[in-house]
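J.: Quick one: structure below, then a few questions.
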Amino acid sequence: MKQLMFHDDPPFWFEILRNLGLTAYGGSDVGEVIATAARVTPGDYDSWHDAWLSTAERLEAEARGSHPVSARDGLLRASSYYRAAEFFLHGHPEEPRIDHAYERGVFCFRDAIAHFPGVTPVEIPYEDTVLHGHLYRAAGEGPRPAVVMHNGFDGAAEELHFSGALGGQERGYHVLTFDGPGQPAAIHRDGPAFRPDWENVVGPVLDFLTQDPGVDPARTALLGVSLGGYLASRAAAYEPRLAAVVALDGVFDAVSALTAHLPLPHEEAVRRAAAEHDEEMDRLIADARARSPILRWAFDHGRYVTRTSNDREFLAEYARYSFKDGSAGKITCPVLVCEATDDLFYSTTEESDPRKLYRHLTAPKTLLSFTEEEGGDAHCHPGALRLAVARIFDWLDDTI
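Residue numbering for the sequence shown follows our numbering, starting at 90 and increasing by one per position.
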């Protein structure tokens, strides 16, 4: 989508668009987002934090003095702005502003959803800890179909409220959202870091969900957003209980989003990243991230969520998130692969990541493209959330 602000900083613009999109389900207000963005100095992460934190604090204070419905609405929007405030600070994990904004955002969200019928926080047993999430219970009697939703590289379970959980609930689905290893609830609370073998995460989540007598285990689908498009598809390759999987959007080889910005062939970059020492490679990465706002943010955040010690180590770790091992062919349930036609992170040719994933699938499959004309051509379609939710759940209706 055409950049209307921050023309020289695509990640800043994308995060503005992402927050504007939350208006579709009450997660932001257009004027609040634009007014906050206008106070941000381009390229300045501290300025970004200060502007969003100020808006969040002002809105939370007003909401807590408001009547119930007004308080609910204000706290929902404040939760989004707190989440935005700490988004670009992860290059310095010891920074106290990160956890402060995150915890305030979760606190506001929990207070807001108390006013939504059928929505409750949950803790899902996982190894020696728990995964945090929310259960959206649909109205009606008898076992209902269910959708498990998780985010990706940087999104939170709370954000899924606006990008499918409410939409699924009102269509008659029970929806379970959660943060897995490496995702916000885990990483902010000293929990486990990311892992590519996501079937070992989804398995315990399905164990938890299918114990609920209101859930039809034969009609349970999995939906992953952004990098979650890889994670959910990977889980489906090894988790036979899934009736369908949605990759929103499709990811075939996650690290290709980074190597595309490096002055090396993809395979060489991946090979050299895994070396014990490669000072020239370190310099190439440093030079590339100095030129690219996308790489600057991605490497900072990547080290944070994988707990790797330097950019090259993160690059090597991220290369593990790939279907080059042939596991896409192991998926047997129907797959919906979504594609943004002007994706900021993945190429949009015939060999874009969504199309690569689609081509390697042998299960029943559907490719769903979102275009500029529809306002949905950006990564994961924040400019067309209502349209995306409608198309995805219509496909689930027809499939399960």
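Heads up, the beta-carbon is just placed ideally off N, CA and C, and yes, glycines get one too.
Nothing here was measured: the structure is a model prediction, and the numbers come from that model.
1) Enumerated in chain order, which unbroken segments of the beta strand (DSSP E) with a length of 3 residues or greater are wholly contained in the region 385 to 434?
2) Work out the CA separation of Val290 and Gln272 for me, nearest whole Å.
3) For Met238, does the three-state DSSP call read helix, strand or coil?
4) Given a cut-off of 7 Å on the beta-carbon distance, is the pair Glu428 and Ser458 in contact?
5) Is it a yes or a no for the region 133 to 142 touching the region 175 to 192, going by three-plus beta-carbon pairs under 8 Å?
6) Answer with buried or exposed for Asp82, where buried requires no fewer than 16 other C-beta atoms within 10 angstroms of its C-beta.
7) Considering Cα atoms alone, identify which of Pro293, Leu446 and Leu165 is closest to Lys419.
8) Could you check how far apart the C-beta atoms of Arg166 and Ala160 are, in whole angstroms? I think they sit under 8 Å.
9) Curious, which full-length beta strand (DSSP E) runs of at least 3 residues does the region 180 to 222 contain?
10) With DSSP as the reference, identify every bridge partner of Gly313, one or two as the case may be.
11) Could you compute how far the alpha carbon of Leu265 sits from the alpha carbon of Ala362?
12) What is the DSSP secondary structure of Lys454, counted as helix, strand or coil?
13) Since Ser425 contacts Val335 with CB under 8 Å, what's their CB separation in whole angstroms?
14) Between which two residues does the alpha helix (DSSP H) containing His263 stretch?
15) Name the residue from Gly229, Thr309 and Leu220 whose alpha carbon lies nearest to the alpha carbon of Phe283.
16) Measuring alpha carbon to alpha carbon, tell me which of His181, Ser322 and Asp338 ends up nearest Leu331.
17) Output needed for Ala147: all residues of its chain with C-beta closer than 8 Å, excluding positions within five of it in sequence on either side, in chain order.
18) Out of Tyr319, Glu368 and Val237, which has the shortest C-alpha to C-alpha gap to Pro306?
19) In this structure, what does DSSP give as the bridge partners for Leu224?
20) Report, in whole angstroms, the separation of the C-beta atoms of Gly253 and Ile105, which I expect to be a contact under 8 Å.
21) Smallest Cα separation from Leu295: which of Leu311, Glu462, Gly194 and Leu450?
22) Does the distance from the C-beta atom of Thr348 to that of Ala358 stay below 7 Å?
23) Taking its Cβ as the centre, do 16 or more other Cβ atoms sit within 10 Å of Thr125, making it buried, or is it exposed?
24) Whose C-beta lies closer than 6 Å to the C-beta of Phe101 among residues of the same chain, with five residues either side of it excluded?
25) Let's see if you can read the secondary structure: which residues bound the alpha helix (DSSP H) around Ile374?
26) In this structure, what does DSSP give as the bridge partners for Asp342?
27) Which first and last residues belong to the alpha helix (DSSP H) in which Pro100 is found?
28) Sorted by chain position, which residues of the same chain lie with C-beta nearer than 6 Å to Gly241's C-beta, five sequence neighbours on each side aside?
29) Excluding the 5 residues preceding and the 5 following Phe434 in the sequence, name in chain order all residues of the same chain whose CB lies nearer than 6 Å to its CB.
30) Mark Val478 as exposed unless 16 or more other C-beta atoms lie within 10 angstroms of its C-beta, in which case mark it buried.
31) Count the other C-beta atoms from every protein chain shown that fall within 10 angstroms of the C-beta of Thr130, then say buried if there are 16 or more, exposed otherwise.
32) Tell me the rounded alpha-carbon separation between Asp367 and Leu404.
T.: On the basis of the coordinates in this document:
1) 424 to 429
2) 12 Å
3) strand
4) yes
5) yes
6) Outside the displayed span of the chain (90 to 489) sits residue 82, for which this structure offers no information.
7) Leu446
8) Rounded, the Cβ-Cβ distance is 11 Å, inconsistent with contact.
9) 208 to 215
10) His239 and Ala336
11) 37 Å
12) strand
13) The residue you asked about is not Ser; residue 425 is Leu in the sequence shown. Sure, about 5 Å apart at Cβ, within 8 Å.
14) Premise fails: His263 lies in the beta strand (DSSP E), His263 to Phe267, not in any alpha helix (DSSP H).
15) The shortest CA-to-CA distance from Phe283 to any of Gly229, Thr309 and Leu220 is the one to Leu220.
16) Ser322
17) Sequence check: residue 147 is Arg here, not Ala. Here the set comprises nothing.
18) Val237
19) Thr209 and Leu265
20) The Cβ separation is near 21 Å, so there is no contact.
21) Leu311
22) yes
23) buried
24) Phe95
25) Glu368 to Arg380
26) Ser411
27) Pro99 to Gly110
28) Sequence-distant partners of Gly241 (beyond 5 residues in either direction) whose C-beta falls short of 6 Å from its own C-beta, in its chain, are Val314, Ser315, Leu316 and Gly317.
29) Once the five neighbours on either side are set aside, the close Cβ partners of Phe434 are Ala346 and His468.
30) Taking all protein chains shown into account, Val478 has 16 or more neighbouring C-beta atoms within 10 Å of its C-beta and is therefore buried.
31) Residue environment for Thr130: exposed (fewer than 16 other C-beta atoms within 10 angstroms of its C-beta).
32) 13 Å
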